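Residue numbers for the sequence shown, in full-length UniProt numbering: 1 to 402. Input: a single structure, listed below in structure tokens.
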Amino acid sequence: RQVQLAAQRWKQTSQELERLSRSGDEQRARHQLLSYQLEELENLSLGENELESLEQEQKTLSNAESLLAACRQVVEMCSESDAGNVLSALNASLNRLTSFSGQPAALGEAVNLLSSAQIQVEEAIGELNRFVDHFDADPNRQQQVEERLDVIYSLARKHRVQPAELADLQQRLFDELEALNADDEAVGRLGDELAAYARHYQEKAEELSRLRQAAAAPLAASVEQEMQRLGMPGGRFAIVLHPGDSAEPQANGLESVEFLVSANPGQPLKGLAKVASGGELSRISLAIQVITAQTSRIPTLVFDEVDVGIGGPTAEVVGQLLRRLGERGQVLTVTHLPQVAAQGHQHLFVHKERGSSETRTAVATLNKAQRIEEIARMLGGVDLTKESLAHAKKLVNLAAQN
1 RQVQLAAQRW KQTSQELERL SRSGDEQRAR HQLLSYQLEE LENLSLGENE LESLEQEQKT
61 LSNAESLLAA CRQVVEMCSE SDAGNVLSAL NASLNRLTSF SGQPAALGEA VNLLSSAQIQ
121 VEEAIGELNR FVDHFDADPN RQQQVEERLD VIYSLARKHR VQPAELADLQ QRLFDELEAL
181 NADDEAVGRL GDELAAYARH YQEKAEELSR LRQAAAAPLA ASVEQEMQRL GMPGGRFAIV
241 LHPGDSAEPQ ANGLESVEFL VSANPGQPLK GLAKVASGGE LSRISLAIQV ITAQTSRIPT
301 LVFDEVDVGI GGPTAEVVGQ LLRRLGERGQ VLTVTHLPQV AAQGHQHLFV HKERGSSETR
361 TAVATLNKAQ RIEEIARMLG GVDLTKESLA HAKKLVNLAA QN
């Protein structure tokens, strides 16, 4: 398991490193472009609200003459015109309304409004005069503003964004560049991790190889001994370790394991999957599982055709071995032999149910009485006899006692 995990970590890290390295040329080109673009934006040094302020100033400077003329004209209309001005008219109006000794109360609001208007006009005249006096119509300033705006607008067109979006663009480019820098750091980090995982894998794989070499011969001898009891007299079993030829860590370690078998006397040892029949394969697997039961982590085992070609004492041995396996984990066995069925902790009866339009396969759990009847049928056929029922009951009771 440790070898599998070490190989898996190495493979995952290798794939991630390969992905980052494969895109390295593209990333370097992108990194160079981003650095250049960011340098342009940083050199621009666009201040907060600077664009709005420059655009407003540009409008003001471009209309300087008209604006100043309008301001002077309004000042004259409000206070300086000999032909009549706003202040003179307001003063005359106030004097006329307040000249009466018994002024009606209803006129008080009108007088207040005129007085307020007089004050506001005077303040407006003061503001206009100050604007005119302090207005800087320097042509050089207008040129500076227009040149600055031209730089901003040109850079915005270059990046295909609105001028007001340049600050957001700069932040996005900065974030992307930071991510690329992080990828560069990740390449170095992953390279170190890959080397560490390779060393860890080699250490665990070599340890597994030593354990395999030490266990191969004893395990083969034990399996071969069980084969004699499982209806394969004269059968031989061997375990061969083939060194791997892959330069990359493999989940199965530094070598592949091959089981060689000779089911009959005089036959050469050959690969298990190539020469063993279905029943022989199941019985050999059963032997291996029984021998390795104390260290195996497989939670559920399924045996099919484990009883093909055997009967009598051999079938009873197979049943006993299956029951032993069932003590440590779940074992499902498909069998037609009563000696094997009697050894089970539970008995499931698989049968077909025919309906009006379809046929279904059903599975029923048998109680003890039903189980004895089914084993009796397996012993003696469809018709149950006292002898077959007694024999079936004896098989079930003996299995439970043992």
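Yeah, the Cβ is synthetic: ideal placement off N, Cα and C, and Gly gets one too. Bear in mind the structure is a predicted one, so any value in this text is a computation, not a measurement.
When secondary structure is reduced to three states using DSSP, GLY309 falls in the coil class, being assigned neither helix nor strand.
In this structure the stretch 230-240 touches the stretch 281-289; the number of beta carbon pairs closer than 8 Å is three or more.
Annotation for LEU169: LEU41, HIS159 and VAL161 place their beta carbon closer than 8 Å to its own, counting only its chain and skipping 5 residues before and after. Per the DSSP secondary-structure output, THR359 pairs in a beta bridge with ARG354. Shown here, SER101 sits in coil according to DSSP, grouped into three states, outside any helix or strand. Judged by DSSP secondary structure, PHE237 falls within the beta strand (DSSP E) whose first and last residues are 236-243.
Here DSSP, grouped into helix, strand and coil, assigns LEU260 to strand.
Contact check for ALA315 against GLN330 fails: the beta carbons are separated by 7 Å or more. The beta-carbon distance between ALA399 and ARG323, rounded to whole angstroms, is 7 Å. This is short enough to meet the 8 Å contact definition.
The criterion of a C-beta distance shorter than 7 Å is not satisfied by GLU57 and VAL187. Our two residues, LEU51 and PHE135, have alpha carbons roughly 21 Å apart in a direct line.
Annotated as distal: VAL223 and ILE310, with beta-carbon spacing of 7 Å or more. For GLY188, the secondary structure class from DSSP, reduced to helix, strand or coil, is helix. For the 7 Å CB-CB criterion, GLY253 and ALA205 form a contact. Three or more Cβ pairs closer than 8 Å define a contact, and the stretch 68-87 meets that threshold against the stretch 112-123. Judged by their CB atoms, LEU194 and SER35 are not nearer to each other than the 7 Å cut-off. Residue environment for THR335: buried (at least 16 other C-beta atoms within 10 angstroms of its C-beta).
Excluding five sequence positions before and after GLN73, none of the CB atoms of its chain fall closer than 8 Å to its own CB. The beta carbon of LEU348 sits closer than 8 Å to the beta carbons of VAL363, ALA364, THR365 and LEU366 from its chain, once the five residues preceding and following it are set aside; these are given in chain order. The Cβ-Cβ distance between LEU149 and LEU33 does not fall below 7 Å.
Judged by DSSP secondary structure, LEU384 falls outside any beta strand (DSSP E); it is assigned neither H nor E. Note that the C-beta distance between LEU241 and PHE259 is not below 7 Å.
Shown here, GLN330 sits in a strand according to DSSP, grouped into three states. By the 16-neighbour rule on beta-carbons within 10 angstroms, GLY231 is buried. The C-alpha of ASN264 lies about 14 Å from the C-alpha of GLY279.
Taking 7 Å as the cut-off, the beta carbon of TYR197 is found closer than this to the beta carbon of TRP10.
Between LEU180 and GLN37, the gap from beta carbon to beta carbon reaches 7 Å or more. In the assembly as shown, ALA29 is an exposed residue. Its beta-carbon has fewer than 16 other beta-carbons within 10 Å. Following the DSSP letters along the chain, one finds VAL302 inside the beta strand (DSSP E) bounded by residues 300-304.
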